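J.: One line per chain: the protein sequences are A and B, in this order.
To get the working numbering, take the position in the first sequence, counting from 1, and add 149.
To get the working numbering, take the position in the second sequence, counting from 1, and add 149.
Each residue gets a CB set at the ideal place from its N, CA and C atoms; glycine is no exception.
Every value quoted in this text rests on a predicted model; they were computed, and no experiment measured them.
Protein chains: 2
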Amino acid sequence: MTLTHRTVNALLQDFRSPAPTPGGGSAAALAGAVGASLLAMVAALPKPRASTAADLQLLRDAGERCTALAADLESLVDRDSEAYELVVSAYRLPKATDEEKAARTRAIQDALRVAIAAPLDVMRASNAAIALVPVLQAHGNQNAWSDVQVGLELLRAGLRGARVNVEINLGSVKDATYATEVAREVARLSESGAAGAPSASS
Amino acid sequence: MTLTHRTVNALLQDFRSPAPTPGGGSAAALAGAVGASLLAMVAALPKPRASTAADLQLLRDAGERCTALAADLESLVDRDSEAYELVVSAYRLPKATDEEKAARTRAIQDALRVAIAAPLDVMRASNAAIALVPVLQAHGNQNAWSDVQVGLELLRAGLRGARVNVEINLGSVKDATYATEVAREVARLSESGAAGAPSASS
């Protein structure tokens, strides 16, 4: 059974248990999924009047995109925990002979890429949802603005939490070109996620 | 059935639906519950060596407190949505006669206090969990530090998201003394929540 088909109560207990999964990576994905879902709700609530057909279409498109991003982030709750277990398994491979050592190193490096791809996708999806906030601000019902603000806080927590999980794995990657590329994308996503939307505390 | 006894998948769908509950207030409580749960997990993982019995006891106490705070925050997911519905019901009371108007005003003011108490309790619990981070930093296993960082991001999102929900209701409160007291506590909780722990992005 996937983590997101457990009850919220059971998943919270799983987070509390000393077992390593689910851990921070899955929690960051969940934060993003809740945040994107709140934005999707607000996109379904147009301004009570004075909306043109074009405005309504923009809002509808933003809502569909938020719903798709929330679904992506929901699936990343599981993907992150699976990727973590892949890394752990690779580290447990035998290393008695040179051949075993080489195979283990390759398996670790491959697993690290999977364990980086999951939180990087959380960052991408959270960032894409944050980029839609101006559409909600312009065309959504102002009575639901507090829901946008909370959604934004959750998406930013997802973005920053996922970043921590990318970087912890990136430290063990041997391919410098790949590591530099990922670090660059992480910096770009963090910057636009922080700057691309009105502050929820203003 | 309570919201937290639904599956995560179903709760995410509820957040996405245009129905006003569950909304941002419940989402903020959930963020806090996940954050406190991650801290409780880390508290169950002591440093591999060099821990005194006193250190271990501090860590155990912090873990028990995080678990209790996570349970409080979990119950606040429902409490916030129930409080919102109380406010909506009060606004729907009849207001044809002066007597009805007075009764409606009293009901609205009473409901607003309930709707303020819920996110204020989310702020208090998130803040209390954030205050335990230094204990985890000093005595917890450093391999789990990324989980503390993600937990901190989620608790801060819970704190800020709950603040938005306190303030939106506080704007309609007529009792100035009570409103001033709440505003003061909100400012104090926000400040210590932001300052009381190492930054997760450093």
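Tell me the DSSP secondary structure of A/P197 in three-state form.
T.: Coil, per DSSP.
J.: Rounded to the nearest angstrom, what separates B/A178 and B/R262 at their Cα positions?
T.: In a straight line, the C-alpha of B/A178 is about 17 Å away from that of B/R262.
J.: Any beta-carbon of chain B closer than 8 Å to the one on A/L319?
T.: With 8 Å as the cut-off, A/L319 does not count as an interface residue toward chain B.
J.: Between A/R309 and chain B, is any beta-carbon pair separated by less than 8 Å?
T.: Yes - at least one Cβ of chain B is within 8 Å of the one on A/R309.
J.: Could you spell out where the alpha helix (DSSP H) holding B/N314 opens and where it closes?
T.: Segment W294 to L319, the alpha helix (DSSP H) holding B/N314.
J.: May I ask you to verify whether the segment 174–190 of chain A touches the segment 166–176 of chain B, counting CB pairs closer than 8 Å and requiring at least 3?
T.: Because the criterion of three Cβ pairs below 8 Å is met, the segment 174–190 of chain A and the segment 166–176 of chain B touch.
J.: Counting only runs that start and end within the segment 167–252 of chain A, where is the beta strand (DSSP E) found for 3 or more residues in a row?
T.: Within the segment 167–252 of chain A, no complete beta strand (DSSP E) run reaches 3 residues.
J.: In three-state terms, what does DSSP make of A/T151?
T.: A/T151 falls in the coil class under three-state DSSP.
J.: Using CA coordinates, which residue listed in B/S166, B/N292, B/R228 and B/D204 is at the minimum distance from A/L194?
T.: For A/L194, the nearest C-alpha among the options comes from B/S166.
J.: Answer with yes or no whether the minimum CB distance from A/G300 to chain B is below 8 Å.
T.: True, the Cβ-Cβ gap to chain B drops below 8 Å.
J.: Does the segment 273–285 of chain B come within contact of the segment 279–289 of chain A, defined as at least 3 CB pairs closer than 8 Å?
T.: Cβ pair count under 8 Å is below three, so no.
J.: Of all the CB atoms in chain A, is at least one closer than 8 Å to the CB of B/T156?
T.: Yes, B/T156 lies at the interface with chain A (some Cβ there is under 8 Å from its Cβ).
J.: Return the chain-ordered list of same chain residues with a C-beta closer than 7 Å to the C-beta of B/A189, the five sequence neighbours on each side being excluded.
T.: So the qualifying residues of the chain are G212, C215, T216 and A219.
J.: Taking C-beta pairs closer than 7 Å, name the residues in chain A that B/N314 reaches, listed in chain order.
T.: Result: S295.
J.: In chain order, what residues of the segment 209–240 of chain A put their CB closer than 7 Å to some CB of chain B?
T.: The segment 209–240 of chain A vs chain B, Cβ under 7 Å: T216, A219 and E223.
J.: Terminal residues of the continuous alpha helix (DSSP H) containing B/V322?
T.: First-last for B/V322: undefined, no H or E at that position.
J.: So that I know if they touch, is there some Cβ in chain B lying closer than 8 Å to that of A/P167?
T.: By this cut-off, A/P167 is an interface position.
J.: Give, in chain order, every residue of the segment 164–190 of chain B whose Cβ lies closer than 7 Å to some Cβ of chain A.
T.: Cβ contacts with chain A: F164, R165, S166, P167, G172, G173, A176, A177, L179, A180, A182, V183, S186, L187, A189 and M190.
J.: Check the DSSP bridge columns for B/G289 and list the partner residues they point to.
T.: Partner(s): B/P195.
J.: Assess contact between the segment 200–207 of chain B and the segment 226–244 of chain B, defined as three or more Cβ pairs (one per stretch) separated by less than 8 Å. Is contact present?
T.: No: the two stretches stay apart, fewer than three of their Cβ pairs being nearer than 8 Å.
J.: Among B/A311, B/L301 and B/D163, which residue has its Cα nearest to the Cα of A/G307?
T.: Per the Cα distances, B/L301.
J.: Based on DSSP bridge pairs, tell me the residues matched to B/T156.
T.: B/T156 pairs with A/T156.
J.: Note down, in chain order, every chain A residue with its Cβ under 8 Å from the Cβ of B/L161.
T.: Within chain A, the residues near B/L161 are T153, A182, V183, S186, A219 and E223.
J.: Below 8 Å between beta carbons: does that hold for A/N276 and B/S295?
T.: For A/N276 and B/S295, no; Cβs fall outside 8 Å.
J.: Quick one: grab the DSSP three-state call for A/A344.
T.: Three-state DSSP puts A/A344 in a helix.
J.: Is the CB-CB distance between A/L394 and A/A252 below 8 Å?
T.: No answer is possible for residue 394 of chain A: it lies beyond the span of chain A, which begins at 150 and ends at 351.
J.: Quick check on B/E249: buried or exposed, where buried means 16 or more other Cβ atoms within 10 Å of its Cβ?
T.: The residue is exposed, with fewer than 16 neighbouring Cβ atoms inside 10 Å.
J.: At the level of alpha carbons, what is the spacing between A/R155 and B/D221?
T.: About 20 Å.
J.: Quick one: does B/A274 have its CB under 8 Å from some CB of chain A?
T.: With 8 Å as the cut-off, B/A274 does not count as an interface residue toward chain A.
J.: Measure from the C-beta of A/R262 to each C-beta in chain B and report whether the shortest distance is under 8 Å.
T.: False, the Cβ-Cβ gap to chain B never drops below 8 Å.
J.: Since B/A278 meets chain A, which of its residues come closer than 8 Å, beta carbon to beta carbon?
T.: Those do not exist, as B/A278 stays about 12 Å from chain A at its closest Cβ, beyond 8 Å.
J.: Between which residues of its own chain and A/L269 is the CB-CB distance below 6 Å, once the five residues before and five after are set aside?
T.: For A/L269, where only same-chain residues beyond five positions count, the Cβ hits under 6 Å are V315.
J.: In three-state terms, what does DSSP make of A/A280?
T.: Of the three classes helix, strand and coil, the one that applies to A/A280 here is coil, per DSSP.
J.: Between B/V299 and A/G310, which are expected to be in contact by the criterion C-beta below 8 Å, what is the C-beta distance as a whole number of angstroms?
T.: The Cβ separation is near 4 Å, so the contact holds.
J.: Using a Cβ-Cβ cut-off of 8 Å, state whether B/A349 counts as contacting chain A.
T.: Because the pLDDT of B/A349 is 48, which lies under 50, any placement of that residue in the model is unreliable, and the question is left without a value.
J.: Under 8 Å between C-beta atoms, does B/A306 make it to chain A?
T.: Yes, B/A306 counts as interfacial toward chain A.
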